[in-house]
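As structure tokens, the structure follows; a few thoughts come after it.
2 protein chains.
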Amino acid sequence: MKFYVINASKVARETGMGSRINTILQTCFFAIAGILTKEDAIQKIKDAIKKTYAAKGDKVVLKNFEAVDKTLEHLEQIDYSKYKAGTIEIEKSVSDNAPDFVKNVLSKIITFEGDELPVSAFPVDASYPVGTTQYEKRNIAEEVPVWDADLCSQCGKCFLICPHAAIRCKVYPKEELANAPADFKHIAPIGKEFDKEKEAYTLQVTVEDCTGCNLCVEYCPITSKTDPNHKAINMQEQLPLRDTEIKNWDFFLSIPEIDRSRVNKNTVKGTQFLEPLFEFSGACSGCGETPYIKLLTQLYGDRMVVANATGCSSIYGGSLPTTPWTTNNEGHGPVWANSLFEDNAEFGLGIKLAFDKKLEIARAILEKNKDIIGESLVNELLNSDQSLESGIRKQRENINELRRRIASINTFEIKQLNIIADHLVKKSHWLIGGDGWAYDIGFGGLDHVLSTGENVNIIVLDTEVYSNTGGQKSKSTPIGASAKFSVNGKENSKKDLALQAIAHGNSYVAQIAMGANDVHAIKTIQEAEAFPGTSLVIAYSHCIAHGYDMAQGADQQVNAVKTGYWPLFRYNPLKPHGERFSLDSKEPSLPLKDFLYNETRFTSIIRQNEEHAASLLLQAEKGVSDRWERLLALKSL
Amino acid sequence: MKFYVINASKVARETGMGSRINTILQTCFFAIAGILTKEDAIQKIKDAIKKTYAAKGDKVVLKNFEAVDKTLEHLEQIDYSKYKAGTIEIEKSVSDNAPDFVKNVLSKIITFEGDELPVSAFPVDASYPVGTTQYEKRNIAEEVPVWDADLCSQCGKCFLICPHAAIRCKVYPKEELANAPADFKHIAPIGKEFDKEKEAYTLQVTVEDCTGCNLCVEYCPITSKTDPNHKAINMQEQLPLRDTEIKNWDFFLSIPEIDRSRVNKNTVKGTQFLEPLFEFSGACSGCGETPYIKLLTQLYGDRMVVANATGCSSIYGGSLPTTPWTTNNEGHGPVWANSLFEDNAEFGLGIKLAFDKKLEIARAILEKNKDIIGESLVNELLNSDQSLESGIRKQRENINELRRRIASINTFEIKQLNIIADHLVKKSHWLIGGDGWAYDIGFGGLDHVLSTGENVNIIVLDTEVYSNTGGQKSKSTPIGASAKFSVNGKENSKKDLALQAIAHGNSYVAQIAMGANDVHAIKTIQEAEAFPGTSLVIAYSHCIAHGYDMAQGADQQVNAVKTGYWPLFRYNPLKPHGERFSLDSKEPSLPLKDFLYNETRFTSIIRQNEEHAASLLLQAEKGVSDRWERLLALKSL
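Residue numbers (this note's numbering), protein chains in the order written: chain A, 462 to 1098; chain B, 462 to 1098.
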């Protein structure tokens, strides 16, 4: 047996490949496998690189060439005959504090030993634990963010934009610090809503779950006055920090969550004190979709009912063996289910109708059994105002009281009530999916749901391409973008899904871009959720399929809005005539190409055919101004 | 054996049931079957009537009661012991001039003897003859239209509106009359495009195929100055006319068709000289859909390629054993195929792409074989101008010449060319279906086709309800209408399919109502067909599901337009800015209820709950004015 090592990440960094090590490891394989001669193999790899990356430009090709050459320099054979066997074992696939089921069953699946599991290892009722990604400590980031407590304005933006819920903040009574680890950072909370004397603020990173995307640093609005390269959060090597931060994170988790009724839900800062119930998904580093989902779980998580379309969000949301969807410490969390690409809207509508029916039954049983249960409790349950967190908490307490009172009653109706009593808490129904679902495969159903006016909320995580299946064009793909089935640039425009939805006349319809205007995104989501009918929110989501460093994802969202490529707006049919349509972003002030030409999906067309690219750009520009005009026309509604 | 007779039609007429004999025949069955006592049976029938028709009002219930009572008076037992066997045989199911296959195979299926057919009766290549409804002489009309040649203005409207192509007109050289039957009517043609001296005009009814719907008489614009009940076409009893008119019709068919390039295709009169290739379908008497299909076949029939969605149009269009789709005397006719409810748009798009590919191959083979075929013929075939009928005729002649020249050449390419040469004639692609398809089940695909911009034409025969499957609501069903799944009145608005299509920005989109404005319908269809991209035409179609006498179908279309219920418009994205949207009907000038309350689908709600009906009417009125405003806003595009 021959044994080789290479620091592929170092080679990638030094040759400008960033975090991409695929070419380097491929080169290693062919260099040592002996299938071809080394020279022959290298030549064929370079030919393949030329073929694969030519469209992305000479610079990319040359970078890859250099990576291949450097690989050979850094690939080192180890003569292990000189070493004796050590005691270091392969790290466990799940952490020590994981529950038994995770340790004994899920970990086997994670390490590809699932075939060894007997049927008896699985629960007889097929129930499966949630929140299990927290035990897969992947440690994939070479560098992780480190908080500068003194510089930080406590705005919450780093956490809002974090795709993996790997940063969190809490405000808590100072006495909690009694048992804090020595290096646990904290500072006085900013803001008049907090007690600077009696409370502390901590921003904590879980370095084992961070993927190192850098979005938090790029999105941080605070720069040191003395050092322009230093922000309130900054990347540092993970390894030296790991042990300390594991302890800090564990301690951080032990600190109680804030009282939800204390926070201002219309601000980034406020919402970011709320516990997320979607943590450490397997989404790509820098994902532009997951921050929206995480935000939804912060706002509505313990009352959320989610129908999730097939696509990225179903894969990072719930593919075996682990799921990032989790519960709070009271055991409440989102209900989540994934159906097919082509029926998710119908699926979510069906769930909503079933929930309505159960609520109706529960209310009828309450009404009928006032004498047994007690009139005042029944009246409170039936007439509860659940518009605020305090009302929801009260309703939950009343349900607990109800359960106490009916525990020993054995009539059929009362037993039924016991099963469905939680439906008395107001639910927040969400239909989640990408553009492949919403614009294409599931559009017929989505349109149907819009026509019904039922009180469900639809969020489209719009990456403008079939991201999960490998980058095929969708009807959301913009003109001039390269995608599978339109590699030479899509010839027709992105479909105007919002206008199609507005055509129904009865739905709330909005377009947001968190990275461009986070307050707008937060407020719009809450407006949509509060709307007593169907709501559709189209959320711009940057994606690796766009071909640039995701650390710049939020900056690109700013450009998308400033160029008029992605206008922000809200349509609320319940508002008075003339005020229904609100155009929330300013008239385009930046040339369109200042957005488009930062992304390989657009620039690759220039390299293929400059003239064609110029013509597509012209059409795209016309499309932007045509659309702007259409939006202005909507203002008269 | 006991033998009874009843003139059910007479009872129906006398009791105000019109042509509905179901209650009468049901009463007969129970009166003589002896399952229940007569008194018991009658009581149960009346109970059932009450239950079924209560929602339609007391008048309907009483009419049915009266029909039941009168039935018993008219039901007569025949004592056949006094008669001897006669020689009259059951009439043949197909006419004597039918081809053998129709006589021997289809007729067996028509008379429910299909099980007796051996497999060998069917063609080995599974080919099936077209135009076979012409042999099913159903003779179902008690009264048929009779032409008053002297009063007639020759406008063509009676034929345009005829759902069954049972009226036709021709202009022809007078010498054709040499062998005319004695009673064959003709008169000098009106209009400077005809030669009054040398030509004759005939309007001929095929009384055996007429269904007696009365639409032609109602739609005829000419009334006698001396007798307000006499029009240029009037209903008379069929039986006394039958034999004469069979001979007249046969002779009429033998008269040559007019030269297509002579007629003005922008007028009703002109288009109605064109031969229809959709005749005598099994659609309901008075159908509002079939006149559109017939018109399409007159305009494009011999070059039409139709993808037909499931629904009424697929059933009357091509259910075994007969089809109304036919060919002209040169053997050219529409290509017609029916796929599923849920994929007809995709199906039609696929056919279009396949046709394009075949044309491309044919052109390439021509180009490559110029030397063999002859350069000038190839150039003519490749560069033909087929915008006019004359150009199309020339292309067909050139293809015939091509076939003569290549008949004896046996290369693979040339043989392939021979097979696909007809693709060199310009085709007219049509995707046909109802609102159940276009608004609902097939909408996802329809939307996809719109996004492609491919040159196909979509016509939606909008009856605002699932007509064929029995009257379920669709997303096209208007607010306040009673339909299955919304028997108490639909609570939400009709979907604005046109605006959803306009949102794509690249498609021609129009709304027409032939009965309200026939010239607009004719011109719009031709504009749509000529548009070099996707076109969508939404065509108002009155339907028995609306619950009124279909003879008033065209009048109701007038009301639909005058009340603003059904605005007429065209959107052409290729027109200059500011002129793309053309609102072609006038501002609403009639109260909405003057349209709605002529139809049982709306009035039945009043009888159920007057207050609710009033609230729905109010919402409907608001919907009309909201939509009008939206249309006005589109004018700025």
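Glycine is no exception: its CB is placed at the ideal position from the N, C-alpha and C atoms.
At a C-beta separation below 9 Å, residue 909 of chain A has these neighbours in chain B: 901, 904 and 936. Any Cβ of chain B closer than 8 Å to the Cβ of residue 961 of chain A would place that residue at the interface, and such an atom is present.
By the Cβ rule, the stretch 549 to 568 of chain B does not count as touching the stretch 742 to 762 of chain B, because fewer than three pairs are nearer than 8 Å. The beta carbon of residue 541 of chain A lies closer than 6 Å to those of 464 in the same chain, with the five residues before and after it left out. The CB of residue 1094 of chain B comes closer than 8 Å to the CB of 1094, 1095, 1097 and 1098 in chain A, given here in chain order. Listed along chain B are 912, 913, 914 and 967, each with a C-beta nearer than 8 Å to that of residue 953 of chain A. In the structure shown, residue 489 of chain A adopts helical secondary structure according to DSSP, grouped into three states. Collapsing the DSSP output to three states places residue 898 of chain A in a helix. At a cut-off of 8 Å, the C-beta of residue 964 of chain B has a neighbouring C-beta in chain A. C-alpha of residue 773 of chain A to C-alpha of residue 593 of chain B: approximately 53 Å in a straight line.
Interface residue (Cβ-Cβ distance to chain A less than 8 Å): residue 481 of chain B is not classified as such. In terms of Cα proximity to residue 853 of chain B, the closest of B:1076, B:720, B:1073 and B:878 is B:720.
By the 16-neighbour rule on beta-carbons within 10 angstroms, residue 696 of chain B is buried.
Between residue 864 of chain B and residue 879 of chain B, the gap from beta carbon to beta carbon is short of 8 Å. Annotation for residue 1092 of chain B: 1028, 1030, 1042 and 1044 place their beta carbon closer than 8 Å to its own, counting only its chain and skipping 5 residues before and after. Inside the stretch 712 to 794 of chain B, DSSP marks whole alpha helix (DSSP H) runs of 4 or more residues at positions 729 to 732, 751 to 761 and 773 to 779, from first to last along the chain. Judged by beta-carbon spacing, residue 987 of chain B lies beyond the 8 Å limit of residue 714 of chain B, meaning their Cβ atoms are not closer than that value. The way I'd put it, the stretch 702 to 709 of chain A doesn't touch the stretch 721 to 731 of chain A; fewer than three beta-carbon pairs between them come closer than 8 Å. Rounded to whole angstroms, the separation of the alpha carbons of residue 698 of chain A and residue 602 of chain A is 8 Å. Within chain A, the C-beta atoms nearer than 7 Å to that of residue 1087 of chain B come from 966, in chain order. Residue environment analysis places residue 1013 of chain A among the buried positions, since at least 16 neighbouring C-beta atoms fall within 10 angstroms of its C-beta. DSSP places residue 821 of chain B in the helix class (H, G or I) of the three-state scheme. Below the 8 Å Cβ cutoff, chain B contributes 964, 965 and 966 as neighbours of residue 957 of chain A, in chain order. For residue 1041 of chain B, no chain A residue has a C-beta closer than 7 Å to its own C-beta; the minimum C-beta separation is roughly 10 Å. Cβ neighbours of residue 1026 of chain A within its own chain (closer than 7 Å, five residues either side excluded): 1053, 1056 and 1085.
At least one beta carbon of chain B lies nearer than 8 Å to the beta carbon of residue 1091 of chain A. Using a 10 angstroms sphere on the CB of residue 981 of chain B, the tally of other CB atoms reaches 16 or more, which defines it as buried.
Three or more Cβ pairs drawn from the stretch 650 to 660 of chain A and the stretch 622 to 634 of chain A lie within less than 8 Å of each other, which places the two stretches in contact. Contact check for residue 622 of chain B against residue 976 of chain B passes: the beta carbons are separated by less than 8 Å.
Setting aside the 5 residues that flank it on each side, residue 1011 of chain B is surrounded in the same chain by 674, 676, 746, 747, 1003 and 1005, each with a C-beta closer than 7 Å to its C-beta; the list follows chain order. Of the candidates B:908, B:884 and B:933, B:908 places its Cα closest to the Cα of residue 892 of chain B.
A direct Cα-to-Cα measurement between residue 985 of chain A and residue 789 of chain A gives close to 25 Å. Membership of residue 502 of chain B in any beta strand (DSSP E) is not indicated; the residue belongs instead to the alpha helix (DSSP H) covering 499 to 514.
The Cβ atoms of residue 866 of chain A and residue 835 of chain A lie closer than 8 Å to each other.
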